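Comments concern the structure below.
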Amino acid sequence: MTTKMFASDNNSGVHPLILEAIVQANQGHVAAYGNDPYTAEAIQKFKAHFGEACEVAFVFNGTGANVTGLKAMVRSHQAIICTDGAHINSDEGGAPEGFIGGKLLTSPSADGKLTISQIERQLHHIGNPQRSQPKVVSISQCTELGTVYTIDEIKEITRFAHENGLYVHMDGARLSNAAAHLGCSFAEMTVDAGIDMLAFGGTKNGLMMGEAVVCFNPELASEITYIRKQGMQLGSKMRFLAVQFDRLLTNDLWLDNARSANHMAQLLAEGLVKFPEITLSQPVQSNAIFALLPKAQIQHLQKKHSFALWNEEKDEIRLVTSFDTEKEDIAHFLADVKNSFS
Numbered sequence: 377m378t379t380k381m382f383a384s385d386n387n388s389g390v391h392p393l394i395l396e397a398i399v400q401a402n403q404g405h406v407a408a409y410g411n412d413p414y415t416a417e418a419i420q421k422f423k424a425h426f427g428e429a430c431e432v433a434f435v436f437n438g439t440g441a442n443v444t445g446l447k448a449m450v451r452s453h454q455a456i457i458c459t460d461g462a463h464i465n466s467d468e469g470g471a472p473e474g475f476i477g478g479k480l481l482t483s484p485s486a487d488g489k490l491t492i493s494q495i496e497r498q499l500h501h502i503g504n505p506q507r508s509q510p511k512v513v514s515i516s517q518c519t520e521l522g523t524v525y526t527i528d529e530i531k532e533i534t535r536f537a538h539e540n541g542l543y544v545h546m547d548g549a550r551l552s553n554a555a556a557h558l559g560c561s562f563a564e565m566t567v568d569a570g571i572d573m574l575a576f577g578g579t580k581n582g583l584m585m586g587e588a589v590v591c592f593n594p595e596l597a598s599e600i601t602y603i604r605k606q607g608m609q610l611g612s613k614m615r616f617l618a619v620q621f622d623r624l625l626t627n628d629l630w631l632d633n634a635r636s637a638n639h640m641a642q643l644l645a646e647g648l649v650k651f652p653e654i655t656l657s658q659p660v661q662s663n664a665i666f667a668l669l670p671k672a673q674i675q676h677l678q679k680k681h682s683f684a685l686w687n688e689e690k691d692e693i694r695l696v697t698s699f700d701t702e703k704e705d706i707a708h709f710l711a712d713v714k715n716s717f718s
């Protein structure tokens, strides 16, 4: 057995059923740029989950999904409110500001979540032409710290945002993990909760590549097709992106994958907290574990395992499980943790 990494769910392979779907789609010729039956079928699967009114555009990666959706919502003199740890702020190389031209207005967050009070503080300069004008609230589900917004929390944010003339964008790179944790449907925590635009993640949940922009607000949908092309996110052989989502959304494969990853994270967390020297710095609500370890133990584990040193000052690490993480991987890691204290 090859021990798997805990650095990121991006490090995982491709689910065998997704690979099988790609191979099956690799038959003959079809029209390019999404004018094919595979893409049409995948879009219908999204409509089955999110409602007939949604508009769907497949893109190559998460940054592409976020930026494409946000550009449809924001003009260059406007701003996006998010946490300082949001992926659009900390892990996208300035792409949102560079491609959109707007500004990110960030707030610190101990648990990765954005609050109404933090949003409200960014609204004081509305109408001041010397300041970027807030137009979008962007939240991540799951957050970058592995935490999950409840449906009520999302509804509270969307209600406040809409009352103040703001749109709400959701970075759903790990939306499947959030749905598995909450035991709800995709629609319940997105369109039904008032979300205007969603970046739906697939790569972290078993796909080879690909994410989807899902628009719920008809005022915003018409521009996405053109923004996707200008942003270099329109795949010519679209069927190979689309067929992955078709299979992922068939027979609850998305849910099986997410539940497995979440369950492995719980097992790993339960094993870690048995050591008195280790504490969890965030609740484990998805497939990510944030833990505080003595520096010596971190250095020992780094010799054999791949994981993120999240905050070096706090000796905080991040461990991420994947759809293909197995109990043997957890046991192997925990055995090495035990050995590090010997």
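In this text, residue positions in the sequence shown follow this note's numbering: the first is 377, and each later residue adds one. Virtual Cβ for every residue (Gly too), placed ideally from N, Cα, C. It should be emphasised that the depicted structure is a prediction, and the values quoted were computed from it without experimental measurement.
Enumerate in chain order the residues of its own chain whose CB-to-CB distance from residue i is below 7 Å, with the five nearest sequence positions on each side excluded.
i	result
Met377	Low confidence applies here, because Met377 scores a pLDDT of 43, under 50, leaving its location unreliable and the question unanswered by this model.
Lys680	Asp712
Gln498	Ile457, Leu481 and Pro510
Thr523	Asp487, Gly488, Lys489, Gln658, Pro659 and Gln661
Phe436	Met585, Gly586, Gln609 and Gly611
Lys671	Asp691
Gly647	Ile706 and Leu710
Leu393	Arg623 and Leu629
Leu412	Per the sequence shown, residue 412 should be read as Asp rather than Leu. The residues are Val406, Met614 and Arg615.
Asn540	Leu499
Val649	Leu656
Ala645	Leu656, Val660 and Ile665
Asn720	There is no way to answer for residue 720, as the model of the chain reaches only from 377 to 718.
Leu423	Correcting the residue type first, residue 423 is Lys in the shown sequence and not Leu. Answer for Lys423: Cys430, listed in chain order.
Thr534	Val544, Ala569, Gly570 and Ile571
Residues in its own chain within less than 6 Å of residue i by CB, not counting five upstream and five downstream?
i	result
Glu417	Asp622
Asn633	Asn581, Gly582 and Phe699
Phe536	Ile492
Gly410	Met614
Thr439	Glu468 and Ala471
Arg507	His501
Leu617	Phe434, Gly586 and Gly611
Cys518	Val524, Arg550, Asn553, Ala554 and Ser662
Gln494	Ser483
Would you decide whether residue i is buried or exposed? Buried here means 16 or more other CB atoms lie within 10 Å of its CB.
i	result
Glu431	buried
His500	exposed
Ala549	buried
Met318	This structure leaves residue 318 out entirely; the chain is present only between 377 and 718.
Glu689	exposed
Asn687	exposed
Asn638	buried
Ile502	exposed
Phe475	buried
Ala575	buried
Lys605	exposed
Gly389	exposed
Ala408	exposed
Lys714	exposed
Ser485	buried
Glu496	exposed
Tyr602	exposed
Taking 8 Å as the cut-off, decide whether the C-beta atoms of residue i and residue j are in contact.
i	j	result
Ile693	Ala667	yes
Val696	Ser384	yes
Thr626	Lys421	yes
Leu363	Val512	Outside the shown range of the chain (377 to 718) lies residue 363, about which nothing can therefore be said.
Phe651	Phe382	no
Met640	Tyr543	no
Ser516	Ala462	yes
Leu643	Ile654	no
Asp547	Ser514	yes
Ile419	Asn442	no
Can you name, in chain order, every residue of its own chain whose Cβ lies under 8 Å from the Cβ of residue i, other than the five neighbours on each side?
i	result
His425	Ser561, Phe562, Ala563 and Leu625
Gln400	Val619
Ala397	Val619, Gln620, Asp622 and Arg623
Ser716	Ala672, Gln673, His676 and Leu677
Ile600	Glu431, Ala433, Thr444, Gly445, Ala448, Val589 and Cys591
His545	Asn442, Gly445, Leu446, Met449, Ile456, Val512, Val513, Ser514, Ile515, Ile571, Asp572, Met573, Leu574 and Ala575
Leu395	Met584
For chain D, find out if any of its Cβ atoms is closer than 8 Å to the Cβ of residue i; answer yes or no.
i	result
Arg615	No chain D appears in the structure shown, which is made up of a single protein chain.
Tell me, please, whether the stretch 559-572 touches the stretch 528-537 by the rule of three or more beta-carbon pairs shorter than 8 Å.
yes
Taking only runs of the beta strand (DSSP E) that begin and end inside the stretch 644-685, which ones reach a length of at least 3 residues, in chain order?
664-668
For the stretch 456-486, which segments carrying the alpha helix (DSSP H) assignment without a break, of at least 4 residues, lie completely within its bounds, in sequence order?
463-466
Segments assigned alpha helix (DSSP H), at least 4 residues, entirely inside the stretch 543-592:
551-558
So does the stretch 419-436 actually touch the stretch 582-598, counting three or more Cβ pairs closer than 8 Å?
yes
Mind listing, in chain order, the continuous alpha helix (DSSP H) runs of no fewer than 4 residues lying wholly within the stretch 484-508?
492-497
Sequence ranges, alpha helix (DSSP H) only - wholly within the stretch 378-411, length at least 4
392-401
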